[in-house]
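The opening residue of the sequence shown carries number 1 in the UniProt record's numbering; numbering runs sequentially from there. Even glycine gets a Cβ: it sits at the ideal position worked out from N, Cα and C. All values reported here derive from a predicted model rather than from experimental measurement. Worksheet: one structure, shown below.
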Amino acid sequence: MTDLQRAWLGVVSADHTQCAVEGGFIQLNHGKRYGVARLREGDGFVIYSPTERYGEKQPLRAFTALGVVADAAPYQAEPMNMGAHGIVQPWRRRIEFLPVQRADLRAVELDLTRQPNWGYQLRRGLVPLEPEDFEALRSAMSIS
């Protein structure tokens, strides 16, 4: 059993995930506040990357990062150019990312993926994740 009370799954391309891990933060839905505002300090957070690079069509379908929310509230980062979305000042949360390896979607049994049409909810960019699913992913992604 886990001591986590809440966990989340964020949907982010693998290239953007790498930037997030290096910077120790997460931003979702092109920097909008509403997604990151749902997170609480101590929540588990997993990133699922449907593609290697943002805008690509070739699927990756892997879990690419895992950590714990490390701050009490969202903060605004410096303005940045987000291409077609223009210059934005994105909302972020600090995440303590753990050293992990990627895990293929098909390699992990999750309550989330047992639900019919489970993938449809990923379009929102952030979905609640059962703490047991977070622990299964932490185990599958841990570096031996």
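Please work out which residues of its chain come closer than 7 Å, Cβ to Cβ, to residue i, disregarding the five sequence neighbours upstream and downstream, and give them in chain order.
i           : result
D71         : E41, R93, R94
P128        : W8
Q121        : V127
P99         : I143
W118        : L112
residue 145 : The shown model of the chain, from 1 to 144, leaves out residue 145, and the question about it has no answer.
V69         : L39, R40, E41, G42, D43, F45, R93, I95
Q101        : M141, I143
Under the DSSP definition of a beta bridge, which residues are partnered with residue i?
i    : result
W91  : Q76
S142 : V100
Just checking my contact of residue i with residue j at CB under 8 Å: how many whole Å lie between their CB atoms?
i           : j    : result
residue 171 : P131 : Past the boundaries of the shown model lies residue 171; the chain is included only from 1 to 144, so the question cannot be answered.
L126        : R38  : 7 Å
V36         : L28  : 6 Å
D15         : Y54  : 6 Å
Note down, in chain order, each residue of its chain lying with its Cβ closer than 8 Å to the Cβ of residue i, except the 5 sequence neighbours on either side.
i   : result
E56 : S13
Q58 : T51, E52
P79 : I87, V88, Q89
F25 : A77, R92, R93, R94, I95
Starting from the C-beta of residue i, find all residues in its chain whose C-beta is less than 6 Å away, skip the five residues before and the five after it, and write them out in chain order.
i           : result
Y48         : L9, V11, F63
A140        : A103, V108
F97         : V21, A65, G67
residue 199 : Coverage of the chain is limited to positions 1 through 144, which leaves residue 199 absent and any answer about it impossible.
N81         : I87
H85         : H30
A17         : In the sequence as displayed, the identity of residue 17 is Thr instead of Ala. So the qualifying residues of the chain are I47, S49, T64, A65.
Task: Residue ranges of each alpha helix (DSSP H) within the UniProt domain "EVE" (7-138), 4 or longer - done: The UniProt domain "EVE" (7-138) contains, as complete alpha helix (DSSP H) runs of 4+ residues, the segments 14-23, 33-37, 111-114 (chain order).
Open item on the list: Check whether the region 101-108 and the region 61-69 are in contact - that is, three or more C-beta pairs closer than 8 Å.
Closed with: yes
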